[in-house]
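Worksheet: one structure, shown below.
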Amino acid sequence: MPDALFSDPRLAPLYDVLEGGRPDLEPYLAMAGEFGARRVLDIGCGTGVLALLLAGRGLEVTGVDPALASLEVARAKPGAERVRWIHGDAGAVPSLAADLAVMTGNAAQAVIGPADWERTLRGAFEALRPGGRLVFETRDPGRRAWEEWDREHTHTVTDVPGTGPVENWIDLLGVDGPLVTFRAAYLFRASGETLYSHSTLCFRERDEVTADLTEYGFSPEEVREAPDRPGRELVFVARRPEDGRRRSTPVDGGSTA
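Position one of the sequence shown corresponds to residue 0 (numbering that gives the first Met the number 0), numbered consecutively onward.
Right, here's the structure in full:
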């Protein structure tokens, strides 16, 4: 189930205001141009910020997200009719012959179960045309970002139009191997009500992600840094082979698909 921040109709409208100008999306806009993409799939599109920016540049865009409340926010925005919105995960997307599929923010890390991760990568593979690319980011586990996920480092107060001041902070709840669980609090000063959103992110190592991409058919091309967060994020670029065939080898040692 999606986190409450994205699925609760009371919290989803806060996301864009709390996240600010989203400079993290600029590299994805640049890569869409770099790769000559005309058709793009935004996996975990949330409130549709990137999808609408891409559509505004004349690209054919499909946004998919399992959080209906976030999609409702996206659908209410100007220009939303230019994007095809799908309620579900990457496995629910039909073959699009997309030039580019992306996962921004924490979208890739929010897929924590092995079966769900496989479904996501296979869904992205099937949605791409032969030669199309998948680009997504994950936090570098070596930076141990969760060590600053506490009220001291994360507390903010934001004036939300139509709502008033909202206090927000994060409390780390636990670390279990690659899985990091935390709770985000949202205190609405006008009413005194506090809502919570519990999240778990999977911090995958660079070699693990590369191996997964290869296993599920992709040809990994490179790992970049996020320009706005140097040394903190790993940005993976992988390609569906030009002949469209998977390159993975079955566990039983049989022939490749």
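Just so you know, even glycine gets a beta-carbon here, dropped at the ideal spot from N, CA and C.
Where the alpha helix (DSSP H) containing residue i begins and where it ends
i: THR61; result: Run containing THR61: none in the alpha helix (DSSP H); it sits in the beta strand (DSSP E), 59–64.
i: ALA107; result: Note, ALA107: premise wrong, no alpha helix (DSSP H); not H, not E.
i: ALA183; result: Element bounds for ALA183: not the alpha helix (DSSP H) but the beta strand (DSSP E), 178–187.
Beta-carbon proximity list for residue i, same chain, < 6 Å, skipping 5 on both sides
i: GLY122; result: ALA89, GLY90, VAL92
i: GLY253; result: With a pLDDT of only 35 at GLY253, under 50, the local geometry of the prediction cannot be trusted, and the value read off the model is given with reservation. Excluding sequence neighbours, GLY253 sits near nothing in its chain.
i: VAL82; result: ALA50, ALA54, VAL60, GLY62
Any non-hydrogen atom of the ligand MG within 6 Å of residue i CB
i: ALA75; result: With respect to the ligand MG, the structure offers nothing, as it holds no ligand at all.
Limits of the unbroken beta strand (DSSP E) element including residue i
i: THR155; result: 155–159
i: THR193; result: 192–201
i: VAL236; result: 232–238
i: GLU220; result: 218–224
i: GLY163; result: 163–175
i: ASP41; result: 38–42
i: ARG132; result: 127–138
Cβ neighbour criterion (16 or more within 10 Å) applied to residue i
i: GLY141; result: exposed
i: PRO26; result: buried
i: ALA75; result: exposed
i: THR248; result: Note that THR248 scores a pLDDT of 42, beneath 50, so its modelled location is shaky; the value from the coordinates is reported in the next line. Under this definition THR248 is an exposed residue.
i: PRO160; result: exposed
i: GLY268; result: Here the chain covers residues 0 to 256 and nothing more, so residue 268 does not appear.
i: MET0; result: exposed
i: LEU13; result: buried
i: ASP41; result: buried
i: ARG203; result: buried
i: GLY32; result: exposed
i: ASP242; result: exposed
Inter-residue Cα distance where the pair is residue i and residue j
i: ILE111; j: ARG37; result: 30 Å
i: VAL174; j: ALA210; result: 23 Å
i: GLU147; j: GLU207; result: 24 Å
i: ASP23; j: VAL48; result: 11 Å
i: VAL156; j: THR137; result: 27 Å
i: LEU28; j: GLY191; result: 39 Å
i: ARG9; j: VAL72; result: 11 Å
i: THR153; j: SER198; result: 15 Å
Residues near residue i in its chain [Cβ-Cβ closer than 7 Å; skip 5 each side]
i: PHE124; result: TYR215, GLY216, PHE217, ARG239
i: PHE34; result: ASP98, LEU99, ARG132
i: LEU172; result: THR180, PHE181, ARG182
i: ASN105; result: LEU200
Assumed close pair residue i, residue j - CB separation to whole angstroms, cut-off 8 Å
i: VAL236; j: ALA225; result: 12 Å between Cβ atoms; not a contact.
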